[in-house]
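Below is one structure; the comments refer to it alone.
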Amino acid sequence: MISVYHYMTIAAILFAMGTYGVLTRKNAIVIFMCIELMLNSVNLTFIALSRHLNNMDGQIFVFFVMTVAAAEAAVGLALMISFFRNRESIDVEEIDLLKW
Amino acid sequence: METIFFYIIALVALGSGLIVVLCKSPVNSALGLVNTFFCLAVFYVMLYAPFMAAVQIMVYAGAIMVLILFVIMLLNLGTEARKRYTHGVVWAALASLLSLVTFLVFIKKGQITGAAGDITKDVVMSVGHTELIGKTMFTEFLLPFEIASILLLVAIVGAVVLAKKEV
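So the protein lines, in turn, are chains V and X.
Using this note's numbering, you'd call the opening residue of the first sequence number 1 and step up by one each time.
Using this note's numbering, you'd call the opening residue of the second sequence number 1001 and step up by one each time.
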């Protein structure tokens, strides 16, 4: 029988993978996709716990997480296009204008 | 039967998560991410949340991934130049492993507390998941819902301003 712990374990592993990707990759879009992966693992935890507790609130939270992720995708990709126009690259190693 | 199905889907989800993290080409990463989203949608169906599964497929696998793939192809990104920063990889692996161990210890040793409701599987099956979500969202969570719509409006305006030609 599948319990809530199975789902939470899967979500934890996905979250750790996303962390690894955010810390190691150089391409800004891939980092962005790893962040989406982490957001999705949190969504899975929310829904599993909401089912476990027989409570609807967790699923409403997932709805808001999705809204924020959509807004983030729009603004983040616009930033990347704007940066690419100036630097011809979206390597995060080159985003160092504020470094001193 | 359900257990075997769960493990197969879990394997596919974790495998495509690895593809997202490790593939050199951004397009392959994006396709792995779509696969992960579909697997998570299957999990949502197994957790008696079919509306969330539908929204997951429409919003994530549909809208957001199309946006990301569009930008990848617009910018014509090739494979990453593979510069080896081994110490960075080691530290990142350590950090993510540490967080994973912490999560697993909490999941194993902790106990779940929280306000238990009365919406069991049978209620979801008889009333319908979409109706339950709608009732909760438009009574208890009406103000956050309106704030979310303002957030989306701000995001649209911000994206247009940022991506305009003369910045």
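Glycine residues also receive a C-beta, built at the ideal position from the N, C-alpha and C atoms.
(1) In the DSSP output, which residue or residues are listed as bridge partners for V:Ile91?
(2) Short of 7 Å in beta carbon distance, which residues of its chain neighbour V:Ile47, apart from the five on each side in sequence? Order them along the chain.
(3) How would you write the range of the alpha helix (DSSP H) that X:Leu973 sits in, first residue to last?
(4) Can you confirm whether V:Gly58, when its beta carbon is compared against all beta carbons of chain X, has any partner nearer than 7 Å?
(5) Does the Cβ of X:Phe1141 have 16 or more other Cβ atoms within 10 Å, making it buried, or fewer, making it exposed?
(6) Can you confirm whether the region 26-36 of chain V touches the region 1044-1059 of chain X when touching is taken to mean that 3 or more C-beta pairs between the two stretches lie within less than 8 Å?
(7) DSSP three-state call for X:Met1046: helix, strand or coil?
(8) Give me the chain V residues within the contact set of X:Gly1114, using Cβ-Cβ distance strictly less than 8 Å, ordered along the chain.
(9) Which residues in chain X have a C-beta closer than 9 Å to the C-beta of V:Leu14? List them in chain order.
(10) Does V:Asp57 come out as helix, strand or coil in the three-state DSSP assignment?
(11) Let's see if you can read the secondary structure: which residues bound the alpha helix (DSSP H) around X:Val1154?
(12) Using a cut-off of 8 Å between C-beta atoms, extract the partners of V:Glu94 located in chain X.
(13) For V:Val62, decide whether its Cβ has a neighbour in chain X, counting only Cβ atoms nearer than 7 Å.
(14) Beta carbons nearer than 7 Å to chain V: which residues of the region 1115-1148 of chain X have them?
(15) Determine, using beta carbons only, whether V:Phe84 comes closer than 7 Å to chain X.
(16) Please classify X:Val1154 as buried or exposed, where buried requires at least 16 neighbouring CB atoms within 10 angstroms.
(17) Taking one C-beta from the region 1-12 of chain V and one from the region 1098-1108 of chain X each time, how about it: are there three or more such pairs within less than 8 Å?
(18) Would you mind sorting X:Val1021 into buried or exposed? The rule is 16 or more other CB atoms within 10 Å of its CB.
(19) Could you say if the region 34-54 of chain V and the region 1038-1052 of chain X meet the contact criterion of at least three C-beta pairs nearer than 8 Å?
(20) Helix, strand or coil for X:Thr1120, going by three-state DSSP, please let me know.
(21) Which two residues bound the contiguous alpha helix (DSSP H) that contains X:Leu1233?
(22) So X:Ala1063 and V:Ala70 are in contact, right, with Cβ under 8 Å, and what is the actual spacing, rounded?
(23) Nearest chain V C-beta to X:Ile1008 closer than 7 Å, yes or no?
(24) Exposed or buried, V:Arg87, counting other C-beta atoms within 10 Å across all chains shown (16 or more means buried)?
(25) Report yes if the C-beta distance between V:Asn55 and X:Gly1117 is below 7 Å; otherwise report no.
(26) Considering Cα atoms alone, identify which of V:Thr24, V:Glu36 and V:Arg51 is closest to V:Tyr5.
(27) Along chain X, which residues have their Cβ under 8 Å away from the Cβ of V:Ile90?
Based on what the coordinates show:
(1) The sequence given here has Asp at residue 91 of chain V, not Ile. In the DSSP output, where bridge partners are listed per residue, V:Asp91 has V:Asn27.
(2) Gly58, Gln59 and Val62
(3) The shown model of chain X, from 1001 to 1167, leaves out residue 973 of chain X, and the question about it has no answer.
(4) no
(5) buried
(6) no
(7) helix
(8) Leu49, Leu53 and Asn55
(9) Ala1013, Leu1014, Gly1017, Thr1036 and Leu1040
(10) helix
(11) Leu1142 to Ala1163
(12) Those do not exist, as V:Glu94 stays about 12 Å from chain X at its closest Cβ, beyond 8 Å.
(13) yes
(14) Ala1115, Ala1116, Gly1117, Asp1118, Ile1119, Thr1120, Leu1132, Ile1133, Thr1136, Met1137, Phe1141, Pro1144 and Ala1148
(15) yes
(16) exposed
(17) yes
(18) buried
(19) yes
(20) coil
(21) Only positions 1001 to 1167 of chain X appear in the structure, and residue 1233 of chain X is not among them; the question remains open.
(22) 7 Å
(23) no
(24) exposed
(25) yes
(26) V:Arg51
(27) Leu1075 and Leu1077
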